[in-house]
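Under UniProt numbering, think of the first position of the sequence shown as 1, with each following residue one higher.
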Amino acid sequence: MAKVSIIIPTYNVEMFLDECLESIQRQTLQDIEIICVNDGSTDHSLEIIKKYAENDPRFVIVDKENGGYGKTMNVGLDKATGEYIGIVEPDDYVPLAMYEDLYKIAKENDLDMVKADFYRFTRNPENGNMNLVYNHLDLTGKWYGKLFDPSEEPETLRFIMNTWSGIYKREFLEQHHIRHNETPGASFQDNGFYFQTFVYAKRAMIVDKPYYMNRRDNPNSSVNNREKVYCCNVEYDYIREILMKDPEIWSRFKYMYSLKKFHTYNFTLQRIGEQFKREYVQRISQEFKRAKENGELKQGAFYPVEWDDMMLLIQEPDAYYFKICLKNKQIRSLEKKVASLENSTTMKVGRVIMFIPLKIKKLFKKK
């Protein structure tokens with residue numbers, strides 16, 4: 001049995017796949033199983049995977065008809081035999097020691113899961129320069145490096161949501177039947193998996209060291225799809241059904257469920273096309289209004305500014321639309337104008353003109 005099974009759900013990612021697979025193949029933890037699930041790719045992704053499998057017996061290929069992300073991940077989870085499970089998106093990559101380090105922590109503390117900070121990055125297509133943004137799972141800093149029980153600490157759901165920056169004990173996933181939503185054509189089906197791991201895990205840790213490299217410049221990524229408007233709503237309906245199966249779990253997690261839903265829906269507002277935003281605000285306003293009437297919102301679960309925004313959304317959705325959507329649109333417009341101005345000849349000449357008197361001023365100061 002491998003120490004870690006790493007699942008790569010693959011669909012039309014030939015541009016990035018070599019970088020991803022090579023980073024996994026070169027892990028310092030050698031005892032790994034690399035499960036590539038090809039979800040009916042129509043580009044050269046399958047051929048690239050086969051190239052690696054020919055020379056490395058640790059690669060396991062599953063080639064299936066296109067069925068969506070949730071189904072693809074579940075096929076990989078069913079195929080895995082490792083002690084722990086890792087997930088790598090095929091347009092991302094991982095540093096060499098990631099799985100060795102996380103596996104050591106997981107074993108030493110007998111963890112159901114361990115997760116780490118991560119980087120988000122983009123690359124300049126002209127010169128290849130990388131822009132890195134460090135992402136802290138826990139913005140408070142109080143949960144790092146200590147053992148905690150997520151099933152008794154709903155607050156930990158506030159961590160930045162992802163499923164790929166850590167590893168999960170396979171026995172734990174099997175015991176609680178933790179899988180992804182398989183709704184055809186849906187997206188963001190990792191949200192449900194994330195919730196289940198926190199609801200059922202008893203022993204977990206997070207690490208204040210970044211490993212995973214999460215790409216943000218793949219134009220085919222779900223986060224850049226401006227037309228999938230209600231996919232997150234569908235996913236949160238699925239999460240709600242899971243939580244409500246156990247009244248005790250629902251009672252404990254309903255407030256954080258509403259908070260994470262609010263965060264996710266606001267992310268959706270930033271992602272979708274302008275033509276959909278006003279309608280979307282009206283839809284989620286009604287959804288949260290029902291949640292408030294059903295006792296699913298608690299002011300103490302929100303930061304003050306979040307609660308104010310929630311009340312504005314419920315009571316005055318048009319005002320919320322103008323505040324959130326139009327303000328952000330104006331900011332983006334101003335940013336473009338500033339960037340254009342900074343690159344203009346006028347600005348460059350102005351900098352030269354300002355540079356000379358500043359130099360003279362500094363000379364006088366020295367005297």
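Glycine included, each C-beta is placed from N, C-alpha and C at the ideal position.
In this structure, ALA80 is the residue among ALA80, PRO125, GLY145, TRP143 with its C-alpha nearest to the C-alpha of ARG179. Scanning its chain for C-beta atoms nearer than 6 Å, with the 5 sequence neighbours on each side dropped, one finds around CYS325 the residues LYS277, in chain order. Rounded to whole angstroms, the Cβ separation of ASP190 and THR156 is 17 Å, and the two are not in contact under 8 Å. By the 16-neighbour rule on beta-carbons within 10 angstroms, MET130 is exposed. The beta carbon of LYS71 is closer than 7 Å to those of GLU182 in its chain, skipping five residues each way along the sequence. Per DSSP, the continuous beta strand (DSSP E) segment holding SER5 begins and ends at 4–10. Taking a C-beta distance under 8 Å as the contact criterion, LYS209 and TYR84 do not qualify as a contact pair.
VAL62 carries a strand assignment under DSSP once its states are collapsed to helix, strand and coil. Going by DSSP, MET205 is part of the beta strand (DSSP E) stretching over 204–215.
For the 8 Å CB-CB criterion, PHE121 and LEU137 do not form a contact.
Minimum Cα-Cα distance from GLY40 among the listed residues ASN66, LEU46, LEU17, PHE59 corresponds to ASN66. DSSP places VAL75 within a helical segment (H, G or I) once states are collapsed to three. Bounds of the alpha helix (DSSP H) holding VAL281 are 274–293.
Closest in C-alpha terms to ASP110, from the list VAL37, LYS202, LEU17, PHE198, comes LYS202. ILE49 places its beta carbon 8 Å or farther from that of ASP18. CA-CA distance, MET310 to PHE262, rounds to 8 Å. Taking a C-beta distance under 8 Å as the contact criterion, PHE253 and LEU243 qualify as a contact pair. When the beta-carbon positions are compared, TYR134 and ASP117 come within less than 8 Å of each other. For LEU147, the closest alpha carbon among the candidates ARG158, GLU108, HIS176, LEU173 is that of GLU108. Classified as buried, GLY82 has 16 or more neighbouring CB atoms from the shown chains inside 10 Å of its CB. Take the alpha-carbon of MET73 and the one of ALA319: they are about 40 Å apart. Counting only runs that start and end inside the stretch 7–49, the beta strand (DSSP E) elements of at least 3 residues fall at 32–39. With a threshold of 16 other beta carbon atoms within 10 Å, PHE159 meets it and is buried. The beta strand (DSSP E) runs of length 3 or more contained entirely in the stretch 114–168 are, from start to end of the chain, 130–135.
A direct Cα-Cα distance of roughly 6 Å separates ILE7 from VAL88. ILE87 is bridged by DSSP to ILE7. Under the three-state reduction of DSSP output, TYR93 falls in the strand class. Looking at the backbone, the Cα of ASP101 and that of ASP237 are separated by about 36 Å. DSSP places ILE324 outside any alpha helix (DSSP H), giving it a letter other than H or E. Boundaries cannot be given for LYS298, as no alpha helix (DSSP H) includes it and DSSP labels it neither H nor E.
Boundaries of the alpha helix (DSSP H) harbouring ALA106: 98–109, taken from the DSSP string.
Comparing alpha-carbon positions, the option among LEU259, GLU293, LYS323, GLU174 lying closest to VAL281 turns out to be LYS323. Residue nearest to GLY68 within the set ASN12, LEU96, ARG123, VAL94 is ASN12 (criterion: CA-CA distance). Inter-residue distance for GLU14 and VAL305 is about 43 Å (C-alpha atoms, whole angstroms). In this structure, the alpha-carbon of MET256 lies about 14 Å from that of GLU248.
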